[in-house]
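Notes to accompany the following structure.
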Amino acid sequence: MMKRWGCMLSLALVTAAVSGCGAAEFAPTPTPSPTPTPALATVWPARGWAAVSLTYDDGVPTDFSVVGPALRRHRLNGTFFAGGDSLTSLDHAPHWRDLINDGNEIGSHTMHHPCERAQSWVPPGFASEDYTLERMQQELQESIGLIRGLDYQGATLSFAYPCGIRWVGEQHVSYVPLVDALFVAGRTCEWGVADPAAVSLAETPSFGVQDVSGGDLIAHVHEAEASGGWTVLQFHGVGGDYITVSAEAHEALLAYLDSHRTSVWTAPFGTVAARLRTVRAGR
Ligand SMILES: [Zn+2]
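Using the numbering used here, read the sequence shown as starting at 16 and increasing by one per residue.
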């Protein structure tokens with residue numbers, strides 16, 4: 016059943032979903048780069064003046080076949096946002112453990128990937144409109160339990176909003192406070208570089224990418240370098256699956272990050288968010 020939903024989700028996303036992290040939000044609508052705040056100029060470790068987080072959604076097969084080996088080759092780490100179907104898959108468990116052992120983060124992407132009812136592929140009873148805060152909290156805690164069950168004891172547990180939707184119920188009640196309470200940060204589909212001084216960590220923006228070149232990906236890194244900000248890249252399939260970026264483009268990005276590691280801090284999403292929380296707390 017879950018596998019079928021996954022396929023339906025894939026199909027819907029390939030055919031340009033109309034809401035959430037759909038085609039509209041992948042459109043490269045430029046937003047002004049934030050101006051770095053001098054007081055936070057030293058927020059990034061060592062000599063770095065920018066941060067980049069690589070995030071990968073939905074627990075798709077290319078996470079294991081393409082992304083994991085590529086990250087390992089370049090000694091880089093990312094964050095994998097897995098849904099309940101992947102977290103409960105016995106086939107996926109050893110792959111998740113390998114990624115964790117490499118230093119990657121596993122984050123929550125809910126149990127059932129709720130999206131707007133208007134999406135034809137959303138099963139009855141599992142639309143965002145069908146949820147209450149109580150049900151969402153219960154399912155988020157269930158996904159946290161599954162992640163911890165993978166021997167993932169990392170202090171940083173982060174979250175990515177399915178379809179970018181931050182509400183539940185017919186009245187569109189925000190569940191951002193829930194995410195803020197349960198996770199170090201939440202990743203949205205808002206397009207832009209995060210300003211370390213101002214970003215609301217439970218609603219951190221990202222760049223959802225699809226069919227882009229290595230140069231396009233590196234340009235998002237340059238945006239962070241120019242502003243002292245934090246670029247969060249949001250991938251789905253790499254070299255396959257759906258909402259695909261080619262393995263070559265992904266490789267070009269990793270090669271750039273690998274060769275600029277003294278100036279650009281590439282770290283998992285939750286790790287960067289945890290550092291910002293620490294800096295903000297004055298510790
Ligand atoms: Zn997703």
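C-beta atoms are modelled at their ideal positions from N, C-alpha and C, and glycine is treated no differently.
Here the structure is a predicted model, which means the values were calculated and not measured.
Sequence-distant Cβ neighbours of Gln152 in its own chain, meaning closer than 6 Å and more than five residues away, are Leu193. In this structure, Gly255 sits near Thr77, with a CB-CB distance shorter than 8 Å. One residue list follows from the rule of a beta carbon closer than 6 Å to any heavy atom of ligand 1, given in chain order as Asp72, Asp73, His124, His128 and Pro177. With contacts defined by Cβ atoms closer than 8 Å, Ser173 and Glu218 do not form a contacting pair.
By the Cβ neighbour-count rule, Gly297 is exposed, with fewer than 16 other Cβ atoms within 10 Å of its own. Residue Ser101 holds the alpha-carbon nearest to the alpha-carbon of Tyr71 among Ser101, Val294 and Gln156. Excluding sequence positions up to five before and after Ser261, its CB lies within less than 7 Å of the CB of Gly254, all in the same chain and listed in chain order. For the segment 265-292, the continuous beta strand (DSSP E) assignments of 3+ residues that do not extend past its boundaries occur at 279-281, in sequence order. Along the length of the segment 191-230, whole alpha helix (DSSP H) runs at least 4 residues long occupy 191-197, reported in chain order. In this structure Pro220 does not touch Ala234 by the C-beta definition: roughly 16 Å separates them, more than the 8 Å allowed.
With fewer than 16 other beta carbons inside 10 angstroms of its own, Ser278 counts as exposed. Assigned with DSSP and collapsed to three states, Val67 falls in strand. Looking at the DSSP output, Asp78 shares a beta bridge with no other residue. One alpha carbon belongs to Trp111, the other to Thr103, and they sit about 11 Å apart.
Per DSSP, reduced to three states, the secondary structure at Val247 is strand. With respect to the 8 Å criterion, Phe222 and Trp245 are not classified as neighbours on the basis of their beta carbons. The beta carbons of Phe284 and Ser68 sit about 4 Å from each other, so the pair counts as a contact at 8 Å. Here Thr94 is bridged, per DSSP, to Thr70 and Glu120. Gly83 is positioned such that its CB atom lies closer than 8 Å to that of Leu114. Checking the DSSP bridge columns, you'll see Ser189 partnered with Trp182. Under the DSSP assignment, Ala85 falls in the alpha helix (DSSP H) whose first and last residues are Gly83 to His89. Closest in C-alpha terms to Asn92, from the list Pro139, Ala66, His107 and Asp106, comes Ala66. Taking a contact to require three or more Cβ pairs closer than 8 Å, the segment 162-172 and the segment 137-153 do not qualify as touching. The C-beta distance from Ala175 to His124 rounds to 5 Å, short enough to fall under 8 Å. The shortest C-alpha to C-alpha distance from Val214 to any of Leu268, Ser80, Ala288 and Tyr257 is the one to Ala288. Of the candidates Gly122, Val58 and Leu269, the residue whose Cα lies closest to the Cα of Ala200 is Gly122. Annotation: the continuous alpha helix (DSSP H) that includes Gly160 extends over Leu148 to Arg163.
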